[in-house]
Amino acid sequence: MPAWQGKETPHGKTRGRATGLCNDHMDVHTLSRKLLRWYDRHGRDLPWRRTSDPYRILVSEIMLQQTQVDRVVLFYGRWLKRFPDWRALARATNAQVIRVWAGLGYNRRALALRDIARRMTREGVPTTVEGWRSLKGIGAYTAAAVSAFAQGARVLPIDTNIRRVLGRLWFGIPYPDAKGDGRLQKRTNDLLPQHGRFAEIPQALFDLATDVCKKIPQCAHCPMRGDCKAAEKFLSGRVRIPRQMVKRPAERRHAGKPFPNRIYRGRILKLVRERGRVKWSEVGPTVDEAYNPDIDRLWMEGMITQLIHEHFLSTHQQVISLQGVSQKRVKHVKGDKTA
């Protein structure tokens with residue numbers, strides 16, 4: 603059982619008030635004010651924080667999954683210029699979506715976003731966390747984030763960053779994990795003011811986690827250090843830094859290859875995106891410099907076939923192209939007699 607789910611923790615008793623907070627002396631309103639004062643001075647000016655449009659908020663949240671903020675900023679404007687709203691994205695083909703998404707990786711996110719846009723144009727935009735959660739590809743965090751930032755829902759989305767800050771602050775757990783999120787969510791509601799700037803609390807926590815409350819925190823510079831139950835542990839050097847916070851699942855990798863399959867899948871899509879049409883037989887030698895047809899052909903063809911089944915690619919007479927690209931609109935492959 604996670605440390606904060608019981609009356610006792612490895613760090614002592616949880617002497618909560620009716621609000622459920624851990625520190626007897628901690629006042630949630632004072633805590634919120636401290637956070638917002640720090641945020642006013644140090645918060646990041648990000649383009650998706652200047653809008654309450656559900657579409658733009660969702661685009662940013664999907665892009666931010668497994669991608670650094672600075673990188674997302676570069677792609678966010680480009681995407682909105684090409685697909686400014688639900689309807690524009692809903693009309694896009696797979697090929698158009700993949701081309702604009704190029705460089706962000708994890709292309710399934712782009713197609714999932716486009717499929718959501720199509721549903722929005724048919725059924726309308728959800729107005730509750732549960733409504734967003736019902737959409738394919740939308741998890742609990744993203745549903746809460748869009749509801750909070752776009753629709754003013756009084757809910758605190760919990761991700762790795764917020765979990766780290768509040769797990770340390772309230773429970774004194776240097777490296778909290780997701781097992782206690784249910785209990786944590788009940789307590790986070792106390793942190794949000796009833797009126798005013800409650801939607802900025804999560805943004806402040808994000809930035810605090812990024813700039814101060816990192817894996818190895820800078821507690822001496824933290825505005826919450828006087829209230830944080832983990833600060834003294836870190837400052838005194840009593841915290842052992844784990845080598846790996848989360849055990850990553852093993853990725854599929856072909857025998858003898860230096861990279862997992864997803865890297866080669868990305869190379870295949872990049873090749874087809876740049877050339878327009880590519881013969882099946884040309885893919886392997888182009889995306890893998892150590893390609894040996896006797897050993898690697900079935901592996902390479904398997905990845906191409908999977909990309910076709912996932913609607914990234916289409917094939918005609920042993921030539922592949924991005925799905926949605928007309929065979930008449932792309933250049934002929936050199937030496938190709940099938941067009």
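For the sequence shown, the working numbering begins at 603 and goes up steadily by one. In this text, a Cβ means the ideal position worked out from N, Cα and C, and glycines have one as well.
Asked                                                                                                        : Found
Cβ pair VAL748, GLU802 closer than 8 Å                                                                       : no
Given 8 Å, three or more beta-carbon pairs between the stretch 832 to 840 and the stretch 767 to 778         : yes
THR729, buried or exposed, once every other Cβ within 10 Å from all chains shown has been counted against 16 : exposed
Nearest neighbour of ARG845, chosen from ARG854, ILE818, ASN863 and PRO860 [CA to CA]                        : ILE818
Whole alpha helix (DSSP H) elements within the stretch 832 to 871, 4-residue minimum                         : 833 to 837
Opposing strand residues paired with LEU881 [DSSP bridges]                                                   : For the record, residue 881 in the displayed sequence is Lys; it is not Leu. Partner(s): VAL921.
Proximity to ARG864 [Cα-Cα], best of LEU909, LEU633 and ARG766                                               : LEU909
For SER916: DSSP bridge partner residues                                                                     : SER923
Collapsed DSSP secondary structure at ASP687 in the structure displayed                                      : coil
PRO686 burial status per 10 Å Cβ neighbour count (16 or more: buried)                                        : exposed
Endpoints, the alpha helix (DSSP H) within which TYR708 is located                                           : From DSSP, TYR708 is part of no alpha helix (DSSP H); its letter is neither H nor E.
Limits of the alpha helix (DSSP H) - the one that GLY769 falls within                                        : 762 to 773
N- and C-terminal bounds of the alpha helix (DSSP H) containing THR812                                       : 802 to 813
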